[in-house]
Amino acid sequence: MAALRAYHILDTAIEDDYEELTELAAAICGTPIALISLVDEERQWFKSHRGLDVTETERSQSFCAHAILNPTELMQVENARLDPRFQDNPLVTGDPHISFYAGMPLVDDEGFALGSLCVIDRKPRKLDETQKKALKTLSQQVINKLILRKKFRELEAAHRENIEVSLKSKESEHNLRMIIEQSPAAIVVFRGEEMIVDAINATMLELLNKEADIQGRPILEALPELKGQPAYDLLKDIYLTGQPVSRYDTPVSLHRNGKLEIGYFNFTYAPLMENGEVKGIIDMAVEVTDQVLARLAVEESAHQMREMVMNAAMGMCIIRGQDLVIEIANDPMLKIWTRTAEQVIGRRLTDVFPEVVDQPFPDLLRNVLDTGEELAIPELTADIAEIDGKINRKFIDFAYKPLRNSEGEPEAIIATVTDITETVKSRKLLEQSRTKLQEANVELGTVNEEYIALNEELLATNEHLRRAEENLTRLNKKLQEKEESLRLSVEAARMGTYNLNIETGIIEVNNYCRELFGFSDNVVVNVDDGFGTLLEDKQRIWDAMQYAIANHTLFEEEYRILRKADNAVRWLRAVGKVSDPATSGSDKHFYGTILDITERKASDQLKEDFIGIVSHEMRSPLTALKGYIQILEWKARKANDIFTKDITKKAVRQINRMTTLINGFLDVARVSEGKIYLNKTYFDLTDLIKIAEEEALATISSHKIIFHPVERTIVMADQDKLEQVLLNLINNAAKYSPNNSRIYVSCTKRDAWVRVSVKDDGMGITMKDQAHIFERFYRVIGAKTENISGFGIGLYLCKEIIDRHAGRIGVESVPGKGSTFWFELPVASLSETIH
Ligand code: ADP
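Going by our numbering, the final residue of the sequence shown carries number 1584, and the count climbs one at a time with no gaps.
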């Protein structure tokens, strides 16, 4: 059955070829019916049915089914009605009333009987030999036709398959070429034993420095330079063995960008397999120049780094990885460590120096690796154990710098360490002597203040004295004794008195005054003699005196003289006044007192120098101190050590206070050097007050501070400096008033001026002190202020700043009731503001 189906003949249309054969069979055998019958499982189907209408019958009724049982023999039934096999067959008993049947089986070249060619008659008969032979020949014809048909179909199928396969291979070849052409890698495909350049892309052409015309040429013709080269043997080998080969980072000379360059490539040679056989080689090259150069650069810089470390004058080492392995260390470093190279190189830092585990270094190092941030700390103590275990305390400056790999990640640290133990020791000695100096200086300051107070008292006394003196001369010469005693007391107070007769130019001076100026006794002194001693500022002093005389105001000046007797330079402070014509008789007099203030000036100078030194010298240790405290704080935070955390927080607050103080000192130094510069901008005072409010609320918890009313006002000023002024006033208000009292800050406009005031309910200031508190180093001395620390520079700086803004600053105060400090600035005009 399967054989029959392979012919694909069942149920096909009528075909002339077969019709002709049945016609011939019927004619030769003289029968009305001739059939080509093909037998399948259930039926017999007629490819040709001459003389019969039906196209098929059941298999059970089939004569042919019998005929094919003996495939090589012609079956002949002369009279079916008499044959027991067929007499009941409906084809015999009914239509078409078969009587005679002769069928020759159709057997194909493989021996399968497919059916038969048969002739049928309705009456009994018998074929002669010629007819039999003809029937056999015809059946052979039928079978030939069937075989031909089958072969033809197979051929057709094979052909179709062929077309498909060739289409597919064309497609895949096309795809391969596309891939090759578009690949960013350089690719060349060699095919066949001769290794013909079968496909090559532009990248590979460029790499080989060839033109596209090498395609289709054998390798040795295309690339003659390969002959005798290892690369050629390699290709041959792959062709023979079918084993792929890779070569990494291979340097290749390239003509690129108009010059000869070295590029680096990873080559892969893979066999091109077809049906399990090597048919060619795919050579693929990926450029890795950038990566190789980056790696070489890293290697080179690592090499340079090592050179630098080894040749450095200070201690240097490289420590690698989270394990902190000492990679290299130079001689100065080994000296600090008191170790030899063999004892440290390639070992963990913590193994070589177990004592550092409890010191901050390992954590600091790892932190540099984690964050990639550099770290430098001056003057840290390091306890380093010598090889015998003896601990050496050293002072070191150190810096850690991360070393990065080609991906930019920190993977090692280069540490620079300078041993400053000797420097620190000698500095400590220096500091001790400086402390002593400072103590002496403070003492001097107190003495000086006493002098100032005395001086003022004396000045007041002097006024009384003068009056008394006048009264005495005018009213009673008898009182000369008293005058003499007064003179003596003035003398004792070491105060010079003078009385210039403006008309004659003669000056009466007391003995102390003679001593001050170096005038010998009994010599008449005139005004030129006096001015002759002045070292500078002659004109200024003269003008001031003339002004006081003309306006009846107080003359008050400080100046330097060159004392005649011993050529000593002295600082003097002179006060004076023109006499009242009502009391002084005919001639006009100008009289007053003179004090030697050389000592005070020297002490001021000392203070100034001290401030200069302190402020400059203290800044860097303070910065370092802040650094240490921050380390400590960081460590405490890490260890969750609440106590230390709290202490470090307080320490930072104290350091900030100290920084403010030092900045104040610096400002004083700058003022005296004339180096205070303003950075003026237009801004709204409201903003300034807002900032001061935030700052004050954050730092002052002892007082209630009320900011009201605050009017919007634009000024042209240095915002930072004004903030400093306002905070200073607020801090003073808090400092000089009882805890829990109130402080009122306001900002109000009046005409072209804006006034910022700070009012407190504190101890207040006497009129006498009010006149001086804006002076440098001036502090109110008294029981109430005794325990309040300060330097007397805050208000001085405030005044300097406000003066430079062309503003005004002042105080109103009632002792015991409180003080209102204020400053005023010109308001920026609208047109100015717009510009
Ligand atoms: P310091 O406060 O450091 O002494 P200042 O220059 O700020 O220096 O002040 C000078 C002096 O003015 C202070 O010593 C203090 O006696 C006095 N003073 C300042 N502000 C007030 C105030 N609000 N109430 C009372 N006295 C004050």
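We put the beta carbon where it would ideally sit given N, CA and C, even for glycine.
Cβ pair residue i, residue j closer than 8 angstroms
i: serine 888; j: arginine 871; result: no
i: lysine 899; j: alanine 776; result: no
i: tryptophan 1291; j: arginine 1309; result: no
i: glycine 1543; j: asparagine 1481; result: yes
i: glutamate 1056; j: isoleucine 1068; result: no
i: valine 1105; j: tyrosine 1149; result: no
i: aspartate 1509; j: isoleucine 1492; result: yes
i: histidine 1452; j: serine 1495; result: no
i: leucine 1374; j: isoleucine 1411; result: no
i: methionine 1465; j: tyrosine 1431; result: yes
i: glycine 977; j: isoleucine 945; result: no
i: aspartate 857; j: leucine 895; result: yes
i: glutamate 1252; j: aspartate 1329; result: no
i: leucine 863; j: glutamine 825; result: no
i: threonine 952; j: alanine 980; result: no
Three-state secondary structure (DSSP) of residue i
i: glutamate 1382; result: helix
i: isoleucine 1201; result: helix
i: leucine 1471; result: helix
i: phenylalanine 1540; result: coil
i: glycine 1281; result: helix
i: alanine 1548; result: Note that residue 1548 is lysine in the sequence shown here, rather than alanine. Looking at lysine 1548 - three-state DSSP - the assignment turns out to be helix.
i: threonine 1409; result: helix
i: leucine 1009; result: strand
i: phenylalanine 1268; result: coil
i: leucine 1311; result: strand
i: proline 1370; result: helix
i: proline 1081; result: helix
i: glutamate 1443; result: helix
i: glutamine 1519; result: helix
i: tyrosine 1247; result: strand
i: phenylalanine 795; result: strand
i: aspartate 1345; result: strand
i: glycine 1361; result: helix
i: tyrosine 1485; result: coil
i: aspartate 760; result: coil
i: tyrosine 1527; result: coil
When the options are compared against residue i, the one with the closest alpha-carbon
i: aspartate 1146; options: Gly1423, Val938, Gly1376 and Ile1362; result: Gly1376
i: tyrosine 1013; options: Glu943, Gly1007 and Thr1038; result: Thr1038
i: glutamate 790; options: Val803, Glu1010, Pro820 and Ala751; result: Ala751
i: asparagine 734; options: Asn958, Ile1126, Ser1352 and Ile912; result: What is shown of the chain runs 750 to 1584, which leaves residue 734 out entirely.
i: threonine 1534; options: Ala1148, Glu1023 and Lys1484; result: Lys1484
i: lysine 725; options: Ser1578, Val1529 and Arg1096; result: The question about residue 725 has no answer here: the residues shown for the chain are numbered 750 through 1584.
i: threonine 1372; options: Met1407, Ala1046 and Val1529; result: Met1407
i: glycine 852; options: Arg799, Ala783 and Lys894; result: Ala783
i: phenylalanine 1144; options: Lys1028, Asp1395, Ile1169 and Leu1284; result: Ile1169
i: methionine 1033; options: Leu969, Val938 and Gly965; result: Val938
i: glutamate 807; options: Arg940, Lys1424, Arg1322 and Trp794; result: Trp794
i: glutamate 1357; options: Ile1514, Arg1312 and Ala1418; result: Ala1418
i: alanine 1314; options: Met1465, Gly1267 and Ile869; result: Gly1267
i: proline 1111; options: Ile1380, Trp1502, Gln836 and Lys917; result: Ile1380
i: alanine 1134; options: Ile1126, Phe1102 and Asp1119; result: Phe1102
i: glycine 1513; options: Phe1526, Met1063 and Pro1564; result: Pro1564
i: proline 967; options: Arg940, Thr952, Lys1439 and Ala883; result: Arg940
i: phenylalanine 1029; options: Asp760, Ile1085, Pro993 and Lys1008; result: The sequence shown places glycine at residue 1029, rather than the phenylalanine named in the question. Among Asp760, Ile1085, Pro993 and Lys1008, the Cα nearest to that of glycine 1029 is on Pro993.
i: glycine 1539; options: Asn1079, Glu1549 and Ile1522; result: Ile1522
Integer-rounded CB distance, given that residue j should sit under 8 angstroms from residue i
i: valine 788; j: isoleucine 817; result: 6 angstroms
i: valine 1274; j: isoleucine 1298; result: The pair is not a contact, with the Cβ atoms about 19 angstroms apart (cut-off 8 angstroms).
i: alanine 1445; j: leucine 1476; result: 7 angstroms
i: glycine 1070; j: glutamate 1156; result: Not quite, the Cβ-Cβ distance comes to about 15 angstroms (not below 8 angstroms), so this is no contact.
i: lysine 1350; j: proline 1109; result: The Cβ separation is near 49 angstroms, so there is no contact.
i: phenylalanine 1572; j: valine 1474; result: 6 angstroms
i: valine 1058; j: cysteine 1066; result: 7 angstroms
The ligand ATP heavy atom lying under 7 angstroms from the CB of residue i
i: arginine 1406; result: The ligand ATP is not part of this structure, which contains only the ligand ADP.
Checklist entry - Which runs of the alpha helix (DSSP H) fall wholly inside the region 1103–1177 and span at least 4 residues, in chain order? => result As far as the region 1103–1177 is concerned, its whole alpha helix (DSSP H) runs of at least 4 residues are 1110–1120.
Checklist entry - Residue ranges of each alpha helix (DSSP H) run of no fewer than 4 residues wholly in the region 905–985, ordered along the chain? => result Runs found: 951–957 and 968–971.
Checklist entry - Can you list the alpha helix (DSSP H) stretches of 4 or more residues lying completely in the region 819–894, in chain order? => result Counting only runs of 4 or more residues that sit fully inside the region 819–894, the alpha helix (DSSP H) segments are 839–842, in chain order.
Checklist entry - Which runs of the beta strand (DSSP E) fall wholly inside the region 987–1054 and span at least 3 residues, in chain order? => result 994–1005, 1008–1023 and 1026–1036, all fully within the region 987–1054.
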